[in-house]
């Protein structure tokens with residue numbers, strides 16, 4: 010085995026409640042019904058998402074077949090606290106059933122408390138931009154700790170707080186879909202940091218061995234030309250490090266969500282014809298993961314790192330096999346250089362609801378045919394990742410085969426779900442030419 014990971018290194022998959030659960034009447038559904046979510050209105054069974062609430066066993070059995078060590082999921086805040094300071098015990102018991110099902114199959118659980126979805130009552134009161142949000146999250150998080158601590162192995166308080174806050178309180182792309190201000194964005198980040206720190210302190214008092222962290226979005230910001238390179242330095246700090254300073258050392262692991270490079274301009278991330286992109290508009294760059302892991306390690310040398318999300322929108326599955334191998338090669342190199350990376354969580358198991366992009370980008374190891382009552386079909390990358398999980402690594406030959414498959418698609422066109430300004434999704438895909446640069450990890 011040429012790339013053999015440490016014995017205690019774990020592999021996993023992930024989802025999020027608001028992206029997979031049916032039966033939700035949440036701010037995301039309201040936004041979609043206002044026609045502010047792409048690729049939703051005319052999609053079959055769009056409100057059902059993946060029916061993970063009423064039929065979670067389909068996904069759980071797929072995870073078992075895949076052979077993962079860890080399943081990352083989230084609790085839906087609006088289910089557990091449907092009204093302010095009101096705990097829904099019936100929903101809590103349902104989540105316990107899901108957790109117990111995972112545990113019965115030998116799969117550990119990484120649970121996220123806030124993953125881009127809030128209760129309507131919380132949003133209507135101003136959400137994270139209001140001081141009261143810290144107390145509201147405290148009620149929810151403490152109740153969740155009491156209800157699920159015996160079944161959860163890793164806790165994530167917040168998923169990607171910085172981009173979520175910006176897209177919510179500044180740009181108005183996320184619910185409630187109203188443009189705001191930088192001031193509201195900054196205030197929400199301060200409140201989220203306070204909420205995290207408060208939960209961290211409380212949880213460690215009652216559960217000293219608990220493991221708590223963040224899932225922090227960290228794309229690799231780059232620029233072409235002197236001005237854009239300087240701009241990338243500024244956006245890198247504002248996006249990646251300013252929030253973490255508010256957290257300090259209040260984390261038992263550093264979760265990084267990494268998808269690719271973002272080439273910065275004054276108009277936002279650019280789309281260059283000489284680079285490879287995911288269906289969702291992220292430039293593919295395994296080198297960027299190595300860069301960010303080294304930056305994290307430099308600042309937090311004693312904190313274990315978990316790749317809490319890594320994946321690629323790729324309906325055809327032409328990019329994903331090489332994408333997985335090349336990013337794992339970057340991780341393997343970092344581990345051999347003394348960086349404490351302890352796990353890799355792939356996003357995601359099955360194609361799901363991708364926030365304001367709706368059902369456009371396809372991130373799943375498993376294809377979902379919504380018009381066929383959500384029929385699941387594992388892609389080739391499912392089998393590839395399954396073998397990696399089984400072997401705790403992969404060979405040079407497997408890595409090269411994945412790259413040769415990618416090369417064989419050079420010049421072909423595939424679905425692309427980003428608008429020309431790279432700011433919004435599409436109701437139907439345009440086409441983008443495949444395979445025009447060598448993005449392998451060196």
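Numbering (the numbering used here), first residue to last: 10 to 451. Just so you know, even glycine gets a beta-carbon here, dropped at the ideal spot from N, CA and C.
Simplified DSSP assignment, three categories, for residue i
{"i": "residue 3", "result": "Within the shown structure, residues of the chain are numbered from 10 to 451, placing residue 3 beyond reach of any answer."}
{"i": "residue 388", "result": "coil"}
{"i": "residue 207", "result": "helix"}
{"i": "residue 300", "result": "helix"}
{"i": "residue 118", "result": "strand"}
{"i": "residue 422", "result": "strand"}
{"i": "residue 355", "result": "strand"}
{"i": "residue 271", "result": "strand"}
{"i": "residue 182", "result": "coil"}
{"i": "residue 191", "result": "helix"}
{"i": "residue 259", "result": "coil"}
{"i": "residue 294", "result": "coil"}
{"i": "residue 281", "result": "coil"}
{"i": "residue 396", "result": "helix"}
{"i": "residue 151", "result": "helix"}
Residue range of the unbroken beta strand (DSSP E) whose run includes residue i
{"i": "residue 377", "result": "375 to 378"}
{"i": "residue 438", "result": "434 to 442"}
{"i": "residue 224", "result": "221 to 226"}
{"i": "residue 168", "result": "163 to 168"}
{"i": "residue 86", "result": "Note, residue 86: premise wrong, no beta strand (DSSP E); alpha helix (DSSP H) at 86 to 89."}
{"i": "residue 20", "result": "19 to 23"}
Rounded straight-line distance, which links the Cα of residue j to that of residue i
{"i": "residue 450", "j": "residue 104", "result": "40 Å"}
{"i": "residue 324", "j": "residue 376", "result": "8 Å"}
{"i": "residue 102", "j": "residue 423", "result": "43 Å"}
{"i": "residue 219", "j": "residue 275", "result": "42 Å"}
{"i": "residue 191", "j": "residue 244", "result": "14 Å"}
{"i": "residue 188", "j": "residue 273", "result": "22 Å"}
{"i": "residue 332", "j": "residue 285", "result": "11 Å"}
{"i": "residue 432", "j": "residue 277", "result": "8 Å"}
{"i": "residue 124", "j": "residue 13", "result": "32 Å"}
{"i": "residue 67", "j": "residue 393", "result": "20 Å"}
{"i": "residue 374", "j": "residue 389", "result": "8 Å"}
{"i": "residue 213", "j": "residue 262", "result": "14 Å"}
{"i": "residue 242", "j": "residue 165", "result": "27 Å"}
{"i": "residue 16", "j": "residue 73", "result": "19 Å"}
{"i": "residue 168", "j": "residue 25", "result": "10 Å"}
{"i": "residue 115", "j": "residue 146", "result": "30 Å"}
{"i": "residue 413", "j": "residue 370", "result": "24 Å"}
{"i": "residue 150", "j": "residue 417", "result": "49 Å"}
Endpoints, the alpha helix (DSSP H) within which residue i is located
{"i": "residue 80", "result": "It is not in any alpha helix (DSSP H) - residue 80 instead sits in the beta strand (DSSP E) that spans 79 to 83."}
{"i": "residue 332", "result": "329 to 345"}
{"i": "residue 110", "result": "98 to 113"}
{"i": "residue 244", "result": "235 to 245"}
{"i": "residue 449", "result": "That residue, residue 449, is in no alpha helix (DSSP H); it is neither H nor E in DSSP."}
Beta-carbon separation (whole angstroms), residue i vs residue j, contact threshold 8 Å
{"i": "residue 184", "j": "residue 37", "result": "6 Å"}
{"i": "residue 71", "j": "residue 358", "result": "6 Å"}
{"i": "residue 228", "j": "residue 260", "result": "Going by Cβ atoms, the distance from residue 228 to residue 260 rounds to 20 Å, so no, they are not a contact pair."}
{"i": "residue 53", "j": "residue 380", "result": "4 Å"}
{"i": "residue 448", "j": "residue 322", "result": "Not really, about 15 Å apart at Cβ, beyond 8 Å."}
{"i": "residue 48", "j": "residue 366", "result": "7 Å"}
{"i": "residue 336", "j": "residue 319", "result": "6 Å"}
{"i": "residue 162", "j": "residue 118", "result": "5 Å"}
{"i": "residue 99", "j": "residue 58", "result": "Contact flag wrong, Cβ pair sits at about 20 Å."}
{"i": "residue 347", "j": "residue 316", "result": "With 8 Å as the limit, residue 347 and residue 316 do not qualify as a contact, their Cβ atoms being about 17 Å apart."}
{"i": "residue 120", "j": "residue 83", "result": "7 Å"}
8 Å Cβ cutoff, residue i in contact with chain E
{"i": "residue 299", "result": "The structure shown contains no chain E; it holds only a single protein chain."}
8 Å Cβ cutoff met for residue i and residue j
{"i": "residue 28", "j": "residue 362", "result": "yes"}
{"i": "residue 136", "j": "residue 77", "result": "no"}
{"i": "residue 148", "j": "residue 206", "result": "no"}
{"i": "residue 314", "j": "residue 253", "result": "no"}
{"i": "residue 60", "j": "residue 383", "result": "yes"}
{"i": "residue 444", "j": "residue 409", "result": "no"}
{"i": "residue 269", "j": "residue 293", "result": "yes"}
{"i": "residue 126", "j": "residue 81", "result": "no"}
{"i": "residue 108", "j": "residue 160", "result": "yes"}
{"i": "residue 65", "j": "residue 90", "result": "no"}
{"i": "residue 186", "j": "residue 45", "result": "yes"}
{"i": "residue 18", "j": "residue 342", "result": "no"}
Cβ-heavy atom distance, residue i to the ligand NAP, below 7 Å
{"i": "residue 127", "result": "The model depicted lacks the ligand NAP and carries no ligand whatsoever."}
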